[in-house]
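Only one structure is covered here, and it is reproduced in the block below.
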Amino acid sequence: MIYVTAGHERGIGLEVFLKAWSLLSSSQQEEFHLFVGDEFKNDLPSELKYTLVQKPYSHNALEQACDRCGPNDILVTMPTTKNELFFDGKPVSGHTEYFRKRYQNENLVMFFKSYDANFLLITDHIPLREVATKINHELIHSKIKICVDNYKKYFGHLNDVIISGINPHAGEGGILGTEEKEIVKAIKDLDLSERIIGPLPADGLFLNDSFASDKLYVYMYHDQGLAPFKTMFKSKGANITLGMPYLRLSVDHGTAFDLFGKDSANYMGCYYVLKLALKVIKK
Numbered sequence: 264m265i266y267v268t269a270g271h272e273r274g275i276g277l278e279v280f281l282k283a284w285s286l287l288s289s290s291q292q293e294e295f296h297l298f299v300g301d302e303f304k305n306d307l308p309s310e311l312k313y314t315l316v317q318k319p320y321s322h323n324a325l326e327q328a329c330d331r332c333g334p335n336d337i338l339v340t341m342p343t344t345k346n347e348l349f350f351d352g353k354p355v356s357g358h359t360e361y362f363r364k365r366y367q368n369e370n371l372v373m374f375f376k377s378y379d380a381n382f383l384l385i386t387d388h389i390p391l392r393e394v395a396t397k398i399n400h401e402l403i404h405s406k407i408k409i410c411v412d413n414y415k416k417y418f419g420h421l422n423d424v425i426i427s428g429i430n431p432h433a434g435e436g437g438i439l440g441t442e443e444k445e446i447v448k449a450i451k452d453l454d455l456s457e458r459i460i461g462p463l464p465a466d467g468l469f470l471n472d473s474f475a476s477d478k479l480y481v482y483m484y485h486d487q488g489l490a491p492f493k494t495m496f497k498s499k500g501a502n503i504t505l506g507m508p509y510l511r512l513s514v515d516h517g518t519a520f521d522l523f524g525k526d527s528a529n530y531m532g533c534y535y536v537l538k539l540a541l542k543v544i545k546k
């Protein structure tokens, strides 16, 4: 089953999900089960499987959906705000942080996919000033290994793992920083059948290369990877959490409060995510 959380009640999550879901065949639609706030009961099509939750909607929908997910299920989350989610009564800074606490695994992977492009982030929701101290060869090794193993499980094989540096020009041989030594050490320790390339300057990681489903691009921090990803693919991509007991997918856009209730939100990013979930669930 593909379980879906509707996201923030004043965001576009429910709108884009229902529009994208309506484009699917009836047999595909049956694969989905929505967790949504009880005030939206009258907005739901009769053919849709759903569970109504009480406020706070985002938190309760996520809790109940996670409780239902087994190893052969998929969780799809619509966007909410970071102040809507809690774990053990304490606020968390987003879905990924919630999962890390729920499954007691700080090395869960934040991974982005759009058609043939695969981007892995070594660090994600931390301040930029903490990136250099956070990155070490153990973290790099762990994140890449989790990503490669789970990619092969859910999406297919990889041939190349292409890794960026952290500093401009990948440190320029130590002139612009020495953090690349940690990346080199991690590469030496990785026991992968895939070809490992790097560290390379992040600003030109794929300029002389073409995207392919068998290539994984590895970036050291959030905006280093997501700036090019979102520039190229806009909202047509999936934010994916790897390393949990099941696969989690999310749309790669926010709540868009300014579009709530206007029936004008672009739902093609959500459609991409639903089709990706269907492809994996049938694998």
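Position one of the sequence shown corresponds to residue 264 (the working numbering), numbered consecutively onward. Idealized CB from N, CA, C, for every residue including glycine. If you're wondering where the values come from, they're calculated on a predicted model, not measured in any experiment.
How many angstroms separate the CA atom of residue i from the CA atom of residue j?
i    : j    : result
S513 : L439 : 36 Å
L286 : Y534 : 8 Å
N346 : P390 : 18 Å
F418 : S377 : 12 Å
I409 : G488 : 18 Å
P342 : K312 : 20 Å
D306 : N368 : 37 Å
N381 : C329 : 25 Å
A395 : S356 : 21 Å
S288 : K353 : 40 Å
V267 : L281 : 11 Å
H271 : T344 : 7 Å
L541 : S309 : 21 Å
H296 : H322 : 17 Å
K525 : R273 : 11 Å
Q317 : T441 : 51 Å
K304 : L315 : 7 Å
M507 : C332 : 11 Å
E294 : S527 : 26 Å
L537 : T340 : 11 Å
I450 : L371 : 19 Å
K499 : K448 : 35 Å
K397 : P334 : 31 Å
L348 : A519 : 18 Å
T386 : Q292 : 35 Å
H404 : G300 : 40 Å
N399 : S290 : 46 Å
G517 : L455 : 35 Å
Across which residues does DSSP place residue i in a beta bridge pair?
i    : result
S377 : A380
K478 : D423
G300 : V316
L468 : DSSP, once it has assigned bridges, lists no residue as partnering L468.
A501 : K376, V514
Y266 : H296, L338
If you measure between the beta carbons of residue i and residue j, is that distance less than 9 Å?
i    : j    : result
A283 : L277 : no
Y509 : L338 : yes
M373 : T504 : yes
I459 : L453 : yes
I544 : I265 : yes
E431 : P464 : Inspection of the sequence shows that residue 431 is occupied by Pro rather than by Glu. Contact: yes.
L383 : K406 : yes
H485 : H358 : no
A475 : D379 : yes
P462 : G437 : no
N529 : V279 : yes
F469 : Y482 : no
Does DSSP put residue i in a helix, a strand or coil?
i    : result
N370 : coil
L453 : coil
P354 : strand
F520 : helix
P462 : strand
F349 : strand
Y361 : helix
T396 : helix
L391 : helix
Y414 : helix
Y535 : helix
R273 : coil
D526 : coil
T494 : helix
K545 : coil
N305 : helix
P431 : helix
S321 : helix
I403 : helix
I385 : coil
Can you tell me the Cβ-Cβ gap for residue i and residue j, rounded? I've got them flagged as a contact below 8 Å.
i    : j    : result
F375 : R365 : Wrong, their Cβ atoms sit about 21 Å apart, outside the cutoff.
I446 : G467 : Actually they are not in contact, since the Cβ atoms of I446 and G467 sit about 16 Å apart, beyond 8 Å.
K497 : I425 : Their Cβ separation, rounded to whole angstroms, is 23 Å, which puts K497 and I425 out of contact at 8 Å.
G532 : D521 : Between D521 and G532 the Cβ distance is about 17 Å, and since that is not below 8 Å, they are no contact.
F362 : R511 : 7 Å
D423 : E457 : 6 Å
I want to check one thing, is the minimum distance from the CB of residue i to the heavy atoms of the ligand MG below 8 Å?
i    : result
R273 : Looking for the ligand MG in the displayed structure turns up nothing, as the structure carries no ligands at all.
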